[in-house]
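Below is one structure; the comments refer to it alone.
Dropping the structure here:
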């Protein structure tokens with residue numbers, strides 16, 4: 073609804089509303105972003121169920137629900153009116169939250185209207201709006217108030233009431249001194265001090281995770297520890313070269329598979345972090361990276377219209393990872409026993425694979441190095457196809473050939489832009505030579 077309103081009102085003041093109008097159409101639930109997101113979530117759940125079992129699938133599903141509800145409560149999130157109406161019996165407050173709401177409800181009966189002149193907003197509403205007595209009877213409203221207040225950084229320091237401006241205003245010389253009793257003051261402090269322990273999301277029970285293993289998990293669970301990872305010997309170029317003068321790869325024969333496999337499965341990461349922050353994708357260089365990633369992930373060539381769900385339903389849409397899985401099956405390796413890169417690295421340790429993962433997380437600092445390494449692997453794809461090694465089926469060879477053509481076309485444009493700066497070009501050359509050396513080692517007898 074907000075998007076529709078923006079599209080109409082911006083036109084009235086002479087501003088092109090096409091960005092908002094575009095999102096009305098491309099976010100549709102039949103073929104657009106909404107449909108794709110639902111399909112991805114279902115595919116992920118099926119994978120977890122198949123690989124890790126029912127209990128793990130239930131935990132993953134709770135995380136998806138929590139993430140969805142968290143996004144619904146973020147500032148600026150547009151929520152369809154039909155989604156706002158829900159069974160309030162599903163809203164669960166902790167005991168301390170119920171006490172805080174009891175305090176606010178009691179105050180709202182006697183102070184409603186006092187704050188009318190205040191323009192201060194907590195989240196999306198003014199204080200007067202939040203303290204509307206009738207609205208405060210709604211459990212949904214209560215939960216939104218608690219979430220908005222707890223996330224108001226100006227007023228609340230989560231986990232530390234002593235540094236919270238809201239608490240200071242209740243103390244001597246504060247603008248609300250005397251408005252709250254000592255017991256109420258203590259309850260509010262207890263609530264704020266506990267915010268660091270409970271991250272509440274709208275309509276989700278406040279304890280959704282098994283706290284017994286919280287200390288064993290990290291945000292990047294299962295990701296390699298880069299603190300002590302090895303860096304390969306540098307291969308600086310004695311003479312800088314352009315894309316058209318790149319030294320050729322020297323590969324022949326079948327690779328040593330336990331050395332080759334971890335490089336194959338990890339090298340698609342090289343360019344992914346370039347587009348991890350949306351606002352960085354608004355230039356030609358980043359758009360070229362997006363096209364390269366689309367090729368590597370098995371998406372079709374860009375057309376005049378949005379592909380949408382057609383991308384999901386398109387047959388023979390393997391990307392580099394899918395081709396790698398087929399190679400594993402051809403070598404007799406069980407995909408159930410090796411469901412992730414983490415498991416592959418456990419049986420086929422590779423310092424260079426871990427190095428690529430580490431460097432890929434610094435796309436600004438290591439831009440030239442990453443483009444150079446990605447170019448070496450794109451050249452490897454083309455070389456594998458042209459040499460007709462018995463690594464791939466006929467269909468996978470055709471897939472890899474199409475991927476490499478699109479990769480090299482995009483990477484050429486990247487080199488043309490980066491060669492304007494000699495330091496970055498030197499990094500490109502070094503990245504290429506470093507990856508070239510590691511690739512050729514896989515094919516040496």
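In the numbering used here, the protein residues as written are 73 to 517. Note that the Cβ used here is the ideal one computed from N, Cα and C, for glycine as well.
Give the DSSP-derived three-state secondary structure of residue i in the structure shown.
{"i": "residue 434", "result": "coil"}
{"i": "residue 447", "result": "helix"}
{"i": "residue 261", "result": "helix"}
{"i": "residue 253", "result": "coil"}
{"i": "residue 197", "result": "strand"}
{"i": "residue 212", "result": "helix"}
{"i": "residue 307", "result": "coil"}
{"i": "residue 169", "result": "helix"}
{"i": "residue 409", "result": "coil"}
{"i": "residue 317", "result": "helix"}
{"i": "residue 351", "result": "helix"}
{"i": "residue 371", "result": "coil"}
{"i": "residue 429", "result": "helix"}
{"i": "residue 97", "result": "helix"}
{"i": "residue 230", "result": "coil"}
{"i": "residue 217", "result": "helix"}
{"i": "residue 325", "result": "coil"}
{"i": "residue 149", "result": "In this prediction, residue 149 has a pLDDT of 49, which is less than 50 and means its spatial position is unreliable; what the coordinates show is noted afterwards. Coil."}
{"i": "residue 457", "result": "helix"}
Just the Cα atoms here: how many angstroms apart are residue i and residue j?
{"i": "residue 126", "j": "residue 414", "result": "21 angstroms"}
{"i": "residue 308", "j": "residue 97", "result": "49 angstroms"}
{"i": "residue 478", "j": "residue 454", "result": "11 angstroms"}
{"i": "residue 134", "j": "residue 105", "result": "22 angstroms"}
{"i": "residue 374", "j": "residue 460", "result": "28 angstroms"}
{"i": "residue 264", "j": "residue 257", "result": "11 angstroms"}
{"i": "residue 398", "j": "residue 492", "result": "40 angstroms"}
{"i": "residue 314", "j": "residue 495", "result": "13 angstroms"}
{"i": "residue 251", "j": "residue 167", "result": "23 angstroms"}
{"i": "residue 226", "j": "residue 236", "result": "8 angstroms"}
{"i": "residue 486", "j": "residue 337", "result": "23 angstroms"}
{"i": "residue 242", "j": "residue 248", "result": "5 angstroms"}
{"i": "residue 368", "j": "residue 80", "result": "39 angstroms"}
{"i": "residue 326", "j": "residue 114", "result": "37 angstroms"}
{"i": "residue 306", "j": "residue 376", "result": "43 angstroms"}
{"i": "residue 112", "j": "residue 102", "result": "14 angstroms"}
Are the beta-carbon atoms of residue i and residue j separated by less than 8 angstroms?
{"i": "residue 218", "j": "residue 172", "result": "yes"}
{"i": "residue 180", "j": "residue 215", "result": "no"}
{"i": "residue 175", "j": "residue 228", "result": "no"}
{"i": "residue 448", "j": "residue 507", "result": "yes"}
{"i": "residue 347", "j": "residue 364", "result": "no"}
{"i": "residue 451", "j": "residue 331", "result": "no"}
{"i": "residue 440", "j": "residue 497", "result": "yes"}
{"i": "residue 194", "j": "residue 221", "result": "yes"}
{"i": "residue 467", "j": "residue 388", "result": "yes"}
{"i": "residue 502", "j": "residue 433", "result": "no"}
{"i": "residue 500", "j": "residue 444", "result": "yes"}
{"i": "residue 343", "j": "residue 446", "result": "yes"}
{"i": "residue 381", "j": "residue 108", "result": "yes"}
{"i": "residue 431", "j": "residue 417", "result": "no"}
{"i": "residue 304", "j": "residue 140", "result": "no"}
{"i": "residue 311", "j": "residue 390", "result": "no"}
{"i": "residue 318", "j": "residue 511", "result": "no"}
Which first and last residues belong to the alpha helix (DSSP H) in which residue i is found?
{"i": "residue 496", "result": "494 to 514"}
{"i": "residue 489", "result": "466 to 490"}
{"i": "residue 359", "result": "356 to 368"}
{"i": "residue 223", "result": "No alpha helix (DSSP H) contains residue 223, which DSSP labels as neither H nor E."}
{"i": "residue 334", "result": "329 to 338"}
{"i": "residue 117", "result": "105 to 124"}
{"i": "residue 416", "result": "413 to 419"}
{"i": "residue 240", "result": "237 to 242"}
{"i": "residue 385", "result": "381 to 385"}
{"i": "residue 402", "result": "392 to 402"}
Assign residue i to buried or exposed, taking buried as 16 or more other Cβ atoms, counted over all protein chains shown, within 10 Å of its Cβ.
{"i": "residue 122", "result": "exposed"}
{"i": "residue 475", "result": "buried"}
{"i": "residue 328", "result": "exposed"}
{"i": "residue 385", "result": "exposed"}
{"i": "residue 170", "result": "exposed"}
{"i": "residue 340", "result": "buried"}
{"i": "residue 366", "result": "buried"}
{"i": "residue 91", "result": "exposed"}
{"i": "residue 456", "result": "buried"}
{"i": "residue 490", "result": "buried"}
{"i": "residue 422", "result": "buried"}
{"i": "residue 419", "result": "exposed"}
{"i": "residue 231", "result": "exposed"}
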